[in-house]
Amino acid sequence: LSFLDEIKRRNLDKEIKVIITGCHGLCSKGPIVIIYPEGILYCEVSQDDVQEIVEETLVKGRTVERLLYRDPISTELVPHYSDIPFYKKQKRVLLKNCGLLDPENINDYIAREVMHAILDELEIRNIEANVITVGCIANAYSARQ
């Protein structure tokens with residue numbers, strides 16, 4: 004049973020998008036599943052785990068502890084991909100979209116890059132608006148002196 008099949012069977016396919024991706028760098032722990040926006044990471048997932056993951060995590064909002072990543076040094080469970088000690092201090096540049104985009108769908112990439120461009124532009128305009136506002140306040144203050 005695949006995630007796509009189980010999600011469709013439960014009529015969740017309008018709410019939940021499944022993206023097939025390449026390796027995230029945890030090849031020895033694969034197949035892996037990352038559930039966003041929470042970033043919950045499940046390792047060594049098999050088809051037998053699909054129904055449990057959909058029911059427990061996607062429907063009920065709970066983690067399946069037996070599938071969580073376990074840090075090999077501390078042996079602690081690490082439920083979120085972003086909290087894995089090996090990756091935590093790294094800034095992904097080349098692989099920044101790994102796991103977020105379908106590598107076979109150019110529209111995913113375009114949509115993400117367009118959204119980043121819009122957000123960058125909004126941030127620039129917000130900074131400009133703040134500078135103009137501060138400038139007006141400074142001019143009004145100096146006029147009173």
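Here the sequence shown stands for residues 4 to 148, where the numbers follow the working numbering. For glycine and all other residues, C-beta sits at the position ideal for the given N, C-alpha and C. None of these values were measured; they are calculated from a predicted model.
At a cut-off of 3 residues, the continuous stretches assigned as beta strand (DSSP E) that sit fully inside the segment 8-58 are 36-38 and 43-45.
In the three-state reduction of the DSSP assignment, R69 falls in the helix class, which pools H, G and I. Measuring C-alpha to C-alpha distances from L29 to each of G64, L44, I19 and R13 identifies L44 as the nearest.
In this chain, the alpha helix (DSSP H) harbouring Y90 covers P88 to K91. The beta carbon of I19 sits closer than 8 Å to the beta carbons of I10 and L61 from its chain, once the five residues preceding and following it are set aside; these are given in chain order. Beta-bridge pairing by DSSP links L61 to no other residue. Across the structure, K63 and S77 are spaced so that their CA atoms are roughly 29 Å apart.
Here D74 is exposed, its C-beta having fewer than 16 other C-beta atoms within 10 Å. Take I23, set aside five residues on each side of it, and the residues of its chain with a beta-carbon closer than 7 Å to its own are D105, in chain order. T66 sits close to P82, with the two beta carbons spaced by under 7 Å. Rounded to whole angstroms, the Cβ separation of S5 and G42 is 22 Å, and the two are not in contact under 8 Å. With contacts defined as CB atoms closer than 7 Å, L71 and L80 qualify as a contacting pair. Linking N14 to V57 through their CA atoms gives a straight-line distance of about 12 Å.
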